[in-house]
Every structure is written in C-alpha cells, then in structure tokens.
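Student: Under my numbering, residues 3 to 99 are what the sequence shown spells out, in order.
Note that the Cβ used here is the ideal one computed from N, Cα and C, for glycine as well.
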Amino acid sequence: MARITVEDCLNHVDNRFDLVLLGTRRARQLAGGSEPLLPWENDKPTVMALREIAAGMLSAEFIAATEQQERNDDTKSLEQALAEELAGDLRGGKVSG
C-alpha cells in the first residue's frame, strides 16, 4: 500500500480546502456502501477516498452526481413504500387521517 500525500491529491484538486471537502464527502459515501473506483486494499474509507483523488478519478461534479443519484434512489424507495402502504390501506378498508 503506497503512501498518499497531499501533494499527490493537489495535482487533481484546486486547493487544500477543496481536497478536505471532496475527501470527506467521498469517504462518507464509501463508508455508506458505495463502490470504490479502485481496488480496495484493506484501507479505511478516508484513505480510499484520497487514493481515488490522487488517481484523478474523482471530481466535485462526480460526487455531486453520485449524491443526487442516491437521493433519487431514496425518493423512489420512499414513494414505492408509500404507494404499497396506501394500496394496503385501501384494500383493507382503513382510512388514515
């Protein structure tokens, strides 16, 4: 496992502040179960996020698109669960309110 340096990451990110924000957001995604873009080498999510940044595989746009897709998936799941619950209530004659 190669050591990742800030300089490696700054080749792909404008400044240290953006690096921290990008790394944090990606590490949270990885910890939440998102698929890594590189082979996982028994690293912690933070190290994996930095490895992905240093490899030039991440951008703020990629993270934003991934987060938007996760929100869309969550919304679809909630809508489906609500529709199923409502259909069950209508079949069972229950009326909430």
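(1) So for Lys46, helix, strand or coil by DSSP?
(2) Within the same chain, show all residues whose beta-carbon is closer than 8 Å to that of Leu21, passing over the 5 residues directly before and after it, in chain order.
(3) Go through its chain and collect everything with a Cβ distance to Leu24's Cβ below 7 Å, but skip five positions before and after it.
(4) At which residues does the alpha helix (DSSP H) containing Asn13 begin and terminate?
(5) Alpha carbon to alpha carbon, how far is Ser79 from Gln70? Give it in angstroms, no decimals.
(6) Using the C-alpha atoms, what's the distance from Ala33 back to Asp76?
(7) Can you tell me whether Leu52 is buried or exposed, with buried defined as 16 or more other CB within 10 angstroms of its CB?
(8) Identify whether Ala85 lies in helix, strand or coil by the three-state DSSP scheme.
(9) Is the beta carbon of Ala29 closer than 7 Å to that of Pro47?
Tutor: In brief:
(1) Numbered from 1 along the sequence shown, position 44 holds the residue referred to as residue 46. Looking at Lys46 - three-state DSSP - the assignment turns out to be coil, as it is neither helix nor strand.
(2) In the sequence shown, the residue the question calls residue 21 occupies position 19. Setting aside the 5 residues that flank it on each side, Leu21 is surrounded in the same chain by Val8, Cys11, Leu12, Val15, Ile55, each with a C-beta closer than 8 Å to its C-beta; the list follows chain order.
(3) Along the sequence shown, one-based indexing puts residue 24 at 22. Val15, Ile55, Leu60, Ala62, Ile65, listed in sequence order.
(4) As a position in the sequence shown, residue 13 is number 11, starting the count at 1. Membership of Asn13 in any alpha helix (DSSP H) is not indicated, and neither H nor E is assigned to it by DSSP.
(5) Residue mapping note: residue 70 aligns to position 68 of the sequence shown, counting from 1. Residue mapping note: residue 79 aligns to position 77 of the sequence shown, counting from 1. Taking the straight line joining both Cα atoms gives about 14 Å.
(6) Here residue 76 refers to the residue found at position 74 when the sequence shown is read from its first residue. Here residue 33 refers to the residue found at position 31 when the sequence shown is read from its first residue. Taking the straight line from one Cα to the other gives about 17 Å.
(7) As a first step, residue 52 must be located in the sequence shown, where it is residue number 50. Sixteen is the threshold: when 16 or more other Cβ atoms of the shown chains lie within 10 Å of the Cβ of Leu52, as they do, the residue is buried.
(8) Here the question's residue 85 lines up with position 83 in the sequence shown. For Ala85, the three-state secondary structure derived from DSSP is helix.
(9) Residue mapping note: residue 47 aligns to position 45 of the sequence shown, counting from 1. Residue mapping note: residue 29 aligns to position 27 of the sequence shown, counting from 1. A contact, by the Cβ cut-off of 7 Å.
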